[in-house]
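The opening position of the sequence shown corresponds to residue 33 in this note's numbering, with each subsequent residue numbered one higher. Cβ atoms here follow ideal geometry from the backbone N, Cα and C, with glycine treated the same way. Taking it in order: structure first as structure tokens, then the write-up.
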Amino acid sequence: MGHCLQVQPRGSSTRMSDGTDSTSGPTGISAKQAEDDLAKSERRFRLLVESSPNAVVLAAADGTISLVNRQAEVAFGYQRDELIGKPVEMLVPQRFRPGHPALRAEFMADPRQRPMGVGRDLFAVRKDGFEMPVEIGLTPIEMPEGLCTMATITDITLRKRAEEELRRTAAALARSNEELEQFAHVASHDLQEPLRVVRQHVEFVQHRLDKALDEDTRQSMDLAVDAAARMQALIRDLLAYALLGREGRAFAQTDMNAIVGMAMGNLAARIEETGASIRHDSLPGLMADGRLMAQLMQNLLGNAIKFCAKGRVPAVRIGARREERSWLIFVEDNGIGIEPEHAERIFKMFYRLNPASEYAGTGIGLAICKKIVQYHGGRIWVETRPEQGSTFFFSIPDQP
């Protein structure tokens, strides 16, 4: 097909008068056998090249194309006979052609298998003039006529389009997150302030007119104050959920014993009021965001104390065990438990199993816990039996 593939046998032979062959060459193999072996090798080589899923172009040292495969015809839009015998520069965009011979010479001076243009965007030009982004691998092949270069060419147009779409999506997401953060801050202030004023004035009226109010009016005003307080708490929790993790990863070695101590300190009044018993095993150090771990443990401990049957003293145990590539930490309580069908739903925003009149809260606490754990690459779940307590588990994987 081209001069680089017209392989000739290295030995020579002459016909003797008795009809036998006289073979030259050090191996003692007949010229006929050597020629057959070379022909088989050439057929195998052509079959391998032709069956390649990538475009393959074989060129001599002077850049003349001697072989292309079917995929090269498809990729570049040429028929095979339009490429054979032509300079390889016809596949190079016009603006890069003047410098291409120097690149070929550089490769021939140090011929070894390698990718071309590492760290640079490469382009090849099709017959219709379209420049397609490509990846190119170069392999030197020693042929009887000299050293040839086999270029394996991959069209990465679709990949580049996907990468560009991914960049656009990431940029749009970054803008959306920034707008969400700004909205959360503004909404938090703009919603909190009116609620604060409403609550303040209702409480003022209650105080001034306390003796003059009838029971129905007093109850109505109490409900208004409680509703304002709940709304303020809800806004705070929503803001906390929206902004969770927005400050960037601040992972460091975190002593979970100290984290539990911090959470218990924040809950000291509730612990004293209920007489709750909290004990914990020796807990591990984690590569984690200490601030978020404290929030996680405080939420879980707070729930364990809060969701306890009336007349029962809360008893909580915290433990840990090592898994293959993570630590599993659990918080076990003797509370009211959860029906199994609700075990997954309780981690959703605003999902409540009990009315706010019985157990205060915004219904966001466990959603925040889940987001914190997922932020650390782990997972959280609960095992529970109604009226017999619950055990919340969360895993924190080893960080690199």
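Local conformation of residue i per DSSP, three classes
| i | result |
| --- | --- |
| Q65 | helix |
| F339 | coil |
| A183 | strand |
| P172 | strand |
| L333 | helix |
| S427 | strand |
| E210 | helix |
| A204 | helix |
| R199 | helix |
| S422 | strand |
| V345 | coil |
Delimiting residues of the alpha helix (DSSP H) encompassing residue i
| i | result |
| --- | --- |
| A295 | 288-298 |
| G397 | 397-407 |
Contact set for residue i: own chain, Cβ-Cβ below 6 Å, skip 5 residues either direction
| i | result |
| --- | --- |
| W413 | F425 |
| A282 | D321 |
| A256 | V234 |
| L315 | M288, N289, A352 |
| E415 | T423 |
CB-CB length for residue i against residue j, believed under 8 Å
| i | j | result |
| --- | --- | --- |
| T171 | Q145 | 5 Å |
| F155 | P165 | 6 Å |
| V345 | T306 | 7 Å |
| A320 | I428 | 6 Å |
| I350 | V292 | 6 Å |
| I396 | Y273 | 6 Å |
| A347 | N366 | 5 Å |
| M122 | A93 | About 17 Å separates the two Cβ atoms, so there is no contact after all. |
7 Å CB neighbourhood of residue i in its chain, flanking five on each side removed
| i | result |
| --- | --- |
| E196 | none |
| R112 | V100, E105 |
| G409 | P429 |
Beta-carbon proximity list for residue i, same chain, < 8 Å, skipping 5 on both sides
| i | result |
| --- | --- |
| V124 | H132, A156, V157 |
| K402 | F379, I412 |
Delimiting residues of the beta strand (DSSP E) encompassing residue i
| i | result |
| --- | --- |
| R411 | Careful: R411 lies outside any beta strand (DSSP E) and carries neither H nor E. |
| E355 | Premise fails: E355 is in no beta strand (DSSP E) and is neither H nor E. |
| D310 | Checking the sequence, you will find Ile at residue 310 rather than Asp. First-last of the beta strand (DSSP E) with I310: 309-312. |
| A87 | 87-91 |
| M319 | 317-320 |
Runs of alpha helix (DSSP H) wholly within the region 96-159 (minimum 4 residues, chain order): 102-108, 112-115, 132-141
Of all the alpha helix (DSSP H) runs that stay within the bounds of the region 216-288, which reach a length of 4 or more residues? 247-275
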